[in-house]
Amino acid sequence: AQSVTQPDIHITVSEGASLELRCNYSYGATPYLFWYVQSPGQGLQLLLKYFSGDTLVQGIKGFEAEFKRSQSSFNLRKPSVHWSDAAEYFCAVGSRYGNTGKLIFGQGTTLQVKP
Amino acid sequence: NAGVTQTPKFQVLKTGQSMTLQCAQDMNHEYMSWYRQDPGMGLRLIHYSVGAGITDQGEVPNGYNVSRSTTEDFPLRLLSAAPSQTSVYFCASSYGGQGRNGYTFGSGTRLTVV
């Protein structure tokens, strides 16, 4: 069955420290991959996406993610976290086949930033 | 550009009542979806559409109906509200093959069924 796993429900990092949020997927073929961020009481905002080419993708707000086919992973990273990065982060995958445009989301990782 | 607009933002329903959550987008996107968000469960797909006149079920469609008579609008109807439908509902739209350009989300409707 298709699924997305974000192993860390909650992560706390100090401001200025580096960040890595993990995402693993189970899919029949390499899917489209996305990371979204949700601030409290808000909708989701697209951070970055991967569908082909360079496996290291750059996104908004200084985030990047690396696709590793061998590990079925798409981990999100940021070199130096800012207090405004505190939010919930969702990894999502979409199929390349069949005209559905459906996304499957992970359970989310809540990021807390310590001053 | 307003993006994806959802109304209402908040709603309280009594068990058994029906209502429609409205969703409109002004970006001429062909793909539209409805998700519900519950704590610890991420977002789960309720229904989706790949264009006007075409809709299909997602993973949690029971108790909900949709229609897509125009490209812009994708309303979600709750037929007979139940407490299990208490949730935050998000509408989203996208374009390009398989929605590969990522979805634009509305700000959500927080629904409580008592």
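The listed protein sequences derive, respectively, from chains A and B. The first sequence: position 100 = 749 (this note's numbering), numbered continuously. The second sequence: position 88 = 100 (this note's numbering), numbered continuously. Cβ coordinates follow ideal geometry from the N, Cα and C atoms, glycine included.
Assigned secondary structure, residue i (DSSP; H/G/I helix, E/B strand, else coil)
| i | result |
| --- | --- |
| S96 (chain B) | helix |
| K660 (chain A) | Reading off the sequence, residue 660 (chain A) comes out as Ile, not Lys. Strand at I660 (chain A). |
| R718 (chain A) | helix |
| S105 (chain B) | strand |
| S733 (chain A) | helix |
| K763 (chain A) | strand |
| G743 (chain A) | strand |
| K710 (chain A) | helix |
| G128 (chain B) | Here chain B covers residues 13 to 126 and nothing more, so residue 128 (chain B) does not appear. |
C-beta atoms of residue i and residue j nearer than 8 Å
| i | j | result |
| --- | --- | --- |
| A93 (chain B) | S30 (chain B) | yes |
| Y681 (chain A) | F712 (chain A) | no |
| M44 (chain B) | C103 (chain B) | yes |
| T759 (chain A) | L670 (chain A) | no |
Same chain, Cβ closer than 7 Å to residue i, five either side skipped, listed in chain order
| i | result |
| --- | --- |
| L90 (chain B) | S30, M31, G75, Y76 and Q97 |
| T654 (chain A) | N673 and G755 |
| F716 (chain A) | L682, Y699, T704 and F723 |
is_contact[residue i, chain B] using C-beta, thresh 8 Å
| i | result |
| --- | --- |
| F716 (chain A) | no |
| L695 (chain A) | yes |
| G708 (chain A) | no |
| G692 (chain A) | yes |
| K727 (chain A) | no |
Cutoff 8 Å: residue i Cβ touching any chain A Cβ
| i | result |
| --- | --- |
| R112 (chain B) | yes |
| L91 (chain B) | no |
| F117 (chain B) | yes |
| S81 (chain B) | no |
| Y101 (chain B) | no |
| S96 (chain B) | no |
| M53 (chain B) | yes |
Close-in-space but distant-in-sequence residues of the same chain around residue i (CB under 6 Å, 5 per side omitted)
| i | result |
| --- | --- |
| D50 (chain B) | S99 |
| L33 (chain B) | L88, Y101 and T121 |
| L693 (chain A) | Y685 and Q687 |
| W46 (chain B) | I58, H59, L88 and C103 |
Cβ neighbours of residue i in the same chain (closer than 8 Å, five flanking residues each side left out)
| i | result |
| --- | --- |
| S721 (chain A) | N673, Y674, S675 and Y676 |
Cβ-heavy atom distance, residue i to the ligand SAH, below 7 Å
| i | result |
| --- | --- |
| D703 (chain A) | Because no ligand of any kind appears in the structure shown, any question about the ligand SAH cannot be addressed here. |
Residue-chain proximity (residue i, chain D), Cβ-Cβ < 8 Å
| i | result |
| --- | --- |
| F712 (chain A) | Checking the listed chains, one finds no chain D in this structure; the protein chains it contains are A and B. |
Check your understanding: Of all the residues that make up the region 60-78 of chain B, which are near chain A by a beta-carbon distance shorter than 8 Å?
Key -> Answer set for the region 60-78 of chain B: Y60, V62, D68 and G70.
Check your understanding: Taking any Cβ of chain B, which residues in the region 737-757 of chain A have a Cβ under 7 Å from it, in chain order?
Key -> Per Cβ criterion, the list reads F739, G743, S744, R745, N748, T749, G750, K751, L752, F754, G755, Q756 and G757.
**Study point:** chain B contacts made by the region 667-685 of chain A, where a contact means CB separation under 7 Å
**Key:** Y681 and F683: these are the residues of the region 667-685 of chain A whose beta carbon lies less than 7 Å from some beta carbon of chain B, given in chain order.
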